[in-house]
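Q:
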Amino acid sequence: MKICVIGGGGAIGGYLATKLARAGNQVTIVARGETLEAIQKNGLTLYMEGEIQPLVARVKAVSKITDVETPDVVMLAVKAHQVEPVIDDLAKIMGPNTVLIPLQNGIPWWYFQKLSGRYQDHPVETVDAGGAIMKKINPNNILGCVVYPATYTESPGVIRHVEGNRFPLGEIDGTVSERVKVISQMMTDAGFKSPILEDIRGEIWLKLWGNMTFNPISALTHEHLEGICQYPLTNDLARNMMAEAQRLAEKLGIVFRVDIDRRIAGAEKVGKHKTSMLQDLEAGNSLEIDALLGSVIELGRITETPTPCLSTVFALTKLLNTKVQSSQGRLSLPMAA
Numbered sequence: 170m171k172i173c174v175i176g177g178g179g180a181i182g183g184y185l186a187t188k189l190a191r192a193g194n195q196v197t198i199v200a201r202g203e204t205l206e207a208i209q210k211n212g213l214t215l216y217m218e219g220e221i222q223p224l225v226a227r228v229k230a231v232s233k234i235t236d237v238e239t240p241d242v243v244m245l246a247v248k249a250h251q252v253e254p255v256i257d258d259l260a261k262i263m264g265p266n267t268v269l270i271p272l273q274n275g276i277p278w279w280y281f282q283k284l285s286g287r288y289q290d291h292p293v294e295t296v297d298a299g300g301a302i303m304k305k306i307n308p309n310n311i312l313g314c315v316v317y318p319a320t321y322t323e324s325p326g327v328i329r330h331v332e333g334n335r336f337p338l339g340e341i342d343g344t345v346s347e348r349v350k351v352i353s354q355m356m357t358d359a360g361f362k363s364p365i366l367e368d369i370r371g372e373i374w375l376k377l378w379g380n381m382t383f384n385p386i387s388a389l390t391h392e393h394l395e396g397i398c399q400y401p402l403t404n405d406l407a408r409n410m411m412a413e414a415q416r417l418a419e420k421l422g423i424v425f426r427v428d429i430d431r432r433i434a435g436a437e438k439v440g441k442h443k444t445s446m447l448q449d450l451e452a453g454n455s456l457e458i459d460a461l462l463g464s465v466i467e468l469g470r471i472t473e474t475p476t477p478c479l480s481t482v483f484a485l486t487k488l489l490n491t492k493v494q495s496s497q498g499r500l501s502l503p504m505a506a
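Heads up: the sequence shown begins at 170 in the numbering used here, then just goes up one per residue.
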């Protein structure tokens, strides 16, 4: 397949691009700066969990989305707040049959598209102000996906895989189409687990359940997953946040296939892994707090569900993000009196 990975120099994008290219697909990635230069010179290098020798893939790398020929598949591997700035260029390379696979964490901009009920086509303002993205992208092109692997960028063009290989897929109208079968097989051939789900939104909530809690808590405390789960007070906070989210999600028809205890146990099992938000904090990058938590609070308002714990953690993390950005990534703590 002819695949474009936007954000292919990032941890998840690079992981996908490397394995898809090595499986025989024609992969073009869009990257910038040192990452673009490194990939053009050396290709993508991926160190898999438990493996000494890396996987190396020579892929075409460009700096502009509009330099990409119309692909069969676009994997949009950028943060949620980075989608709107690239949406005009993305729309230009989309063909009528191009499959767009958004890989953002949190509640996606398309959440209420092709969803029957009172909220159908309701924009998620937190991640798509004024429905700007919805207006540019045809929902018929979208294929839902949930990202489970843990990866990180070691250096420009070099990716480290920590654990996991699951990328569940699903049509946003709940059907099992021929194209989702083809994409699932493409992912399987590249070494991923991509089961086809008839309720991709339920899977989004299952992943988000952990992201919306552990990510901001880790950024506020500088603690890894295992530590957050094992410390009683942060464990309780995570439980309360998850309970609030479950109450509002159930009002939207979501059925959680695991309980809170099992979800927390799963996070603890990952071990001493830094969440993506903590990695961004340490790198001085903008935090993905709106998509992971702000959007959930917005759905709480829509469904008239109180979210006191979620709102408190959101306010603290938003302030932290403001301080990081205003100090250009260099946080300094005041001395005690």
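We put the beta carbon where it would ideally sit given N, CA and C, even for glycine.
Determine contact between the stretch 227-244 and the stretch 254-268, defined as no fewer than three beta-carbon pairs at a distance below 8 Å.
A: Contact between the stretch 227-244 and the stretch 254-268 is present, because at least three Cβ pairs lie under 8 Å.
Q: Can you give me the C-alpha to C-alpha distance between Gly177 and Thr197, rounded to a whole angstrom?
A: Their backbone Cα atoms lie some 8 Å apart in a straight line.
Q: Have a look at Ile471 and Arg370 and give me their C-alpha separation to the nearest angstrom.
A: Straight-line Cα distance between these residues: approximately 17 Å.
Q: Let me confirm a value: Gln282 is counted as buried when at least 16 other C-beta atoms fall within 10 Å, else exposed. Which label applies?
A: buried
Q: Excluding the five sequence neighbours on either side, which residues of its own chain have a C-beta within less than 6 Å of the C-beta of Lys443, listed in chain order?
A: For Lys443, same chain residues with a beta-carbon under 6 Å away, outside a window of 5 residues either side, are His393 in chain order.
Q: Does the stretch 290-298 come close enough to the stretch 176-191 to have 3 or more Cβ pairs within less than 8 Å?
A: no
Q: Specify the secondary structure class of Glu119 as computed by DSSP and reduced to three states.
A: Given a span of 170 to 506 for the chain in the structure shown, any question on residue 119 remains unanswerable.
Q: If I follow the unbroken alpha helix (DSSP H) through Gly183, where does it start and stop?
A: Ala180 to Arg191
Q: Would you kindly report the start and end of the unbroken alpha helix (DSSP H) that includes Gln209?
A: Gly202 to Asn211
Q: For a test of the three-state rule: what should DSSP assign to Met170, helix, strand or coil?
A: Coil at Met170, not helix or strand.
Q: What first and last residue would you give for the beta strand (DSSP E) that runs through Pro265?
A: For Pro265, there is no enclosing beta strand (DSSP E), as DSSP marks it with neither H nor E.
Q: Return helix, strand or coil for Gly453, following the three-state DSSP convention.
A: coil
Q: According to DSSP, which residues form a beta bridge with Met338?
A: The residue asked about is misnamed: residue 338 is Leu in this sequence, not Met. DSSP output for Leu338 lists Cys314 and Ile365 as bridge partner(s).
Q: To which residues does DSSP link Tyr321 through a beta bridge?
A: Arg329
Q: Can the beta-carbon of Leu213 be found less than 8 Å from the beta-carbon of Gly183?
A: yes
Q: Buried or exposed for Pro475, please, with buried defined as at least 16 other CB atoms from any protein chain shown within 10 angstroms of its CB.
A: Exposed, since its Cβ has fewer than 16 Cβ neighbours within 10 Å.
Q: Pull up the CB-CB distance for Ile341 and Trp279, whole angstroms please, since I reckon it's below 8 Å.
A: 6 Å
Q: Who are the Cβ neighbours of Asn404 in its own chain at under 8 Å, not counting the five residues just before and after it?
A: Ile397, Cys398 and Ile433
Q: Taking three-plus beta-carbon pairs below 8 Å as touching, is the stretch 370-379 in contact with the stretch 418-426?
A: yes
Q: Give the C-beta separation of Pro308 and Asn334 to the nearest angstrom, bearing in mind that I take them to be a contact with Cβ-Cβ under 8 Å.
A: Wrong, their Cβ atoms sit about 28 Å apart, outside the cutoff.
Q: Among Glu473, Arg408, Leu205 and Gly422, which has the Cα closest to the Cα of Val228?
A: Leu205
Q: Given a cut-off of 8 Å, decide if Ala226 and Ala190 are closer than it, judged by their beta-carbon atoms.
A: yes
Q: Assuming Ala200 and Ala230 form a contact by the criterion Cβ under 8 Å, report the distance between their Cβ atoms to the nearest whole angstrom.
A: 6 Å
Q: Along the chain, where does the beta strand (DSSP E) that runs through Thr197 open and close?
A: Annotation for Thr197: the continuous beta strand (DSSP E) segment containing it runs Gln195 to Val199.
Q: By the three-class DSSP mapping on this structure, what secondary structure does Gly498 have?
A: Annotation note: pLDDT 48 at Gly498 (below 50); position unreliable, coordinate value reported separately. In the structure shown, Gly498 sits in coil (DSSP, three-state: anything other than H, G, I, E or B).
Q: Per DSSP, what kind of secondary structure is Met217 in: helix, strand or coil?
A: coil
Q: Using 8 Å as the threshold, is the stretch 420-431 in touch with the stretch 354-367, meaning 3 or more CB pairs across them?
A: At 8 Å Cβ cutoff, the stretches do not touch.
Q: So Val231 is in the beta strand (DSSP E); what residue range does that whole segment cover?
A: For Val231, the enclosing beta strand (DSSP E) starts and ends at Lys229 to Val231.
Q: Let me know the secondary structure DSSP gives Ile386 once reduced to three states.
A: helix
Q: Just to confirm the assignment: which complete beta strand (DSSP E) runs, minimum length 3, are found wholly within the stretch 391-415?
A: Runs found: none.
Q: Which residue from Lys492, Gly463 and Asn490 puts its Cα closest to that of Cys478?
A: Gly463
Q: How is Ile276 classed by DSSP in three states: helix, strand or coil?
A: coil
Q: From the DSSP output, in three-state form, read off Leu417 for me.
A: helix
Q: When we look at the beta-carbon of Val243 and count the other beta-carbons within 10 Å, is it buried (16 or more) or exposed?
A: buried
Q: Using C-beta distances below 6 Å, list every residue in its chain close to Leu468, excluding the 5 sequence neighbours before and after it, in chain order.
A: Cβ within range, chain order: Leu417.
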